[in-house]
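*Asks:*
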Amino acid sequence: MKALSALIAAAALFGGIQLFHGGSRESVANEAAPSNSYRLVANGDEAVCAVSRGAEISDGLSLLTVAPKCRRLLPGIEQAKFWREQNDGTVAFSANGVDPIVTFAAADGDGYESYAPALPLLSLNSY
25 MKALSALIAA AALFGGIQLF HGGSRESVAN EAAPSNSYRL VANGDEAVCA
75 VSRGAEISDG LSLLTVAPKC RRLLPGIEQA KFWREQNDGT VAFSANGVDP
125 IVTFAAADGD GYESYAPALP LLSLNSY
């Protein structure tokens with residue numbers, strides 16, 4: 025009788041764990057976190073550089089690190105220190121947190137495409 029009780033308790037415990045994890049065998053801790061590292065590309069792979077979104081400072085405003093060589097893609101972009109995400113899904117890079125150097129809209133699939141300034145066309149994709 026004790027063996028049957030232990031078996032039922034073990035089955036209930038296993039079922040509870042499966043329910044907690046949504047039936048998946050992977051732990052919640054093993055799920056991939058969203059990347060904060062991006063690849064900035066100009067005009068279809070002509071030039072490439074790295075951009076990293078840092079800690080959030082306030083609602084929608086995060087720190088930003090732009091590689092110095094990004095200047096080849098868009099002069100002045102290397103001065104950007106802030107990533108601002110708007111409610112409409114657009115993202116702007118700025119030096120002061122307010123005045124955008126470049127503004128992106130969500131692209132098809134993952135990532136963003138610049139629309140201001142109009143040229144050069146830049147794409148921003150996580151990696």
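First residue of the sequence shown: 25, per the numbering used here; consecutive thereafter.
From the three backbone atoms N, C-alpha and C, an ideal C-beta is built for every residue, glycine too.
Can you have a look at Ala140 and say buried or exposed, based on whether 16 or more other CB atoms are within 10 angstroms of its CB?
*Replies:* Exposed is the call here.
*Asks:* Using only alpha-carbon positions, find the residue among Leu85, Thr89, Gly84, Glu80 that is nearest to Arg63.
*Replies:* Answer by Cα proximity: Thr89.
*Asks:* Ser61 and Ser76: beta carbons closer than 8 Å?
*Replies:* Cβ distance < 8 Å, so Ser61 and Ser76 count as in contact.
*Asks:* How many Å lie between Asp134 and Leu148 at the Cα?
*Replies:* If you take the alpha carbons of Asp134 and Leu148, they lie about 9 Å apart.
*Asks:* From Trp107 to Ser150, what does the alpha carbon distance come to, in whole angstroms?
*Replies:* C-alpha separation (whole angstroms): 14 Å.
*Asks:* Take Ala79 and list the residues in its own chain whose beta-carbon comes closer than 7 Å to its own, dropping the five residues that flank it on each side.
*Replies:* Ser86, Leu87.
*Asks:* Three-state secondary structure (DSSP) at Pro92?
*Replies:* It is helical.
*Asks:* Buried or exposed, going by whether 16 or more other CB atoms sit within 10 Å of the CB of Ala130?
*Replies:* Under this definition Ala130 is an exposed residue.
*Asks:* Sorted by chain position, which residues of the same chain lie with C-beta nearer than 6 Å to Pro124's C-beta, five sequence neighbours on each side aside?
*Replies:* Counting only Cβ-Cβ distances below 6 Å, and skipping sequence neighbours, we find Ala116, Ser118.
*Asks:* State the Cα-Cα distance for the pair Glu137 and Leu145, rounded to the nearest angstrom.
*Replies:* Those two C-alpha atoms are separated by around 7 Å.
*Asks:* Work out the CA separation of Gln110 and Ala66 for me, nearest whole Å.
*Replies:* Their backbone Cα atoms lie some 23 Å apart in a straight line.
*Asks:* Distance check for Val122 and Thr114, CA to CA, integer angstroms please.
*Replies:* Answer to the nearest angstrom: the Cα atoms are 14 Å apart.
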